[in-house]
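Some notes on the structure that comes next.
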Amino acid sequence: MMELGATVCRKGVPDCAKCPLAEWCDAQKAGDAQALPRFVSKERKEAVVERALITREGKILLRRNPHTAKRLAGMAEIPVLSSLGVEPAGEPALVRRRTIGTVTYEEKLHALEPKVVEIRRWAKDGELEWVAAEALDGAALSGPHRRWLGEWLSRGGRTARGKRP
Ligand code: SF4
1 MMELGATVCR KGVPDCAKCP LAEWCDAQKA GDAQALPRFV SKERKEAVVE
51 RALITREGKI LLRRNPHTAK RLAGMAEIPV LSSLGVEPAG EPALVRRRTI
101 GTVTYEEKLH ALEPKVVEIR RWAKDGELEW VAAEALDGAA LSGPHRRWLG
151 EWLSRGGRTA RGKRP
């Protein structure tokens, strides 16, 4: 069958006169063999993800995916805001876009100052960890997250309210 596709039924130039399958072929009977195959482009989608850039005592709050996760198992990421139970304060410190498959994500990275009550609450979340800024190289961050954190820290890691963490 693969040989037929390579030598007889070639895209745009099918040689139906020499084809051993011609008597069973609906495309040939319908007279549109040359127009096949028709490719339908996949629908593209857009999504917004809001994440939290949070530092405390020189450490950065990260969420580490469980080793049983289907996606990025064991990898660390900048936490999604909603997973921390906090709201963005003002404009994001960074906005970056990336495409995964058919979805283009607008990643809004908000720099926040943690409150004591929030830090206590996050301590009960086994996927959250504080990683020292100088230890980020060994933190198993995914590429984009490592880059975004590097950009933010290189600017001084300023919070939305303009204070250093
Ligand atoms: S008859 Fe059908 S299968 Fe054969 S070459 Fe034409 S389009 Fe392809």
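This note's numbering numbers the first residue of the sequence shown as 1 and each following residue consecutively. Beta carbons are placed, not taken as given, at the ideal position from N, Cα and C, and that holds for glycine. No experiment lies behind these values; they were computed from the predicted model shown.
Fill in: Nearest candidate by alpha-carbon position, reference TRP122, set ILE54, VAL8 and ASP15
Against the sequence shown, residue 122 aligns to sequence position 122. For TRP122, the nearest C-alpha among the options comes from ILE54.
Worksheet item: By the 10 Å Cβ neighbour count, where 16 or more other Cβ atoms means buried, how is LYS163 classified, buried or exposed?
Response: Residue numbering aside, residue 163 sits at position 163 when the sequence shown is read from its first letter. Because the pLDDT at LYS163 is just 42, under 50, the model does not fix this residue reliably, and the point stays unresolved.
Practice prompt. Verify whether the separation of the beta carbon atoms of LEU61 and LEU128 is less than 8 Å.
Written response: The residue you call residue 61 lines up with position 61 of the sequence shown. The residue you call residue 128 lines up with position 128 of the sequence shown. Against a cut-off of 8 Å, the Cβ pair of LEU128 and LEU61 comes out as a contact.
Worksheet item: So, helix, strand or coil for LYS70, using DSSP?
Response: Start at 1 with the first residue of the sequence shown, and residue 70 comes out as number 70. It is coil, neither helix nor strand.
Discussion item. Nearest by alpha-carbon distance to HIS38: which of ALA17, ALA30, GLY12 and GLU50 is it?
Written reply: Your numbering for residue 38 matches position 38 in the sequence shown. The amino acid at residue 38 is misidentified as His; the sequence shows Arg. It is GLY12.
Worksheet item: Which residues in the same chain have their Cβ closer than 7 Å to the Cβ of GLU3, if we skip the five residues on either side of it in sequence?
Response: Taking the first residue of the sequence shown as 1, we reach residue 3 at position 3. Closer than 7 Å at the Cβ level, and outside the excluded window around GLU3, lies no residue.
Discussion item. Using C-beta distances below 8 Å, list every residue in its chain close to LEU72, excluding the 5 sequence neighbours before and after it, in chain order.
Written reply: The sequence position of residue 72 within the sequence shown is 72, counting from 1. Closer than 8 Å at Cβ, skipping near neighbours: ASN65 and SER142.
Discussion item. Which residues neighbour the ligand SF4 when neighbourhood means a C-beta less than 6 Å away from any of its non-hydrogen atoms? List them by chain order.
Written reply: VAL8, CYS9, PRO14, ASP15, CYS16, CYS19, LEU21, ALA22, CYS25, ALA27, GLN28 and ALA33
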